[in-house]
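What follows is a set of notes on a single structure, which appears directly below.
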Amino acid sequence: MNSESYVDILDDNRIPEAPLITSEDYLCQRDNASVHVSQTSKSWFDANFVKLLDWPARSPDLNTLENLWVSKQARTQVLHRQSPDKNFQGRSEGQTP
């Protein structure tokens, strides 16, 4: 996705939907993805009077689902390294073939 596509999505969704789900006084939270912090996006937010939540660069990811997947992937890798069974891939701990 590029900045222009991101701004198009904002135009199509944020403008019509935001008043339906929140008050006029709200903050938009973005991570520091390049499309979110580009000059094109910054200009769009300014032109549409969107207040932004300050978010530090290199902030810890607060997406719990994403963190769960990282944890599960790490555990699977550890189990795979500990298993002498070369056909272990994809099996959960305690399951038999």
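If you use the numbering used here, the sequence shown corresponds to residues 352 to 448, in order.
No residue lacks a Cβ here, since even glycine has one placed at the ideal position from N, Cα and C.
In this structure, how does DSSP classify residue i when only helix, strand and coil are distinguished?
i, result
"L378", "strand"
"D359", "helix"
"S354", "helix"
"N383", "coil"
"P294", "A question about residue 294 goes unanswered here, because the residues of the chain that appear run from 352 up to 448."
"S389", "coil"
"Q428", "helix"
Look up residue i in the DSSP assignment and give the residues it is bridged to.
i, result
"K402", "L378"
What whole-angstrom Cβ distance do residue i and residue j have, given they're in contact under 8 Å?
i, j, result
"M352", "V388", "Between V388 and M352 the Cβ distance is about 13 Å, and since that is not below 8 Å, they are no contact."
"Q380", "W406", "7 Å"
"S354", "S392", "5 Å"
Subject >> Segment contact flag, the region 384-399 with the region 368-376, C-beta cutoff 8 Å, min 3 pairs >> reply: no
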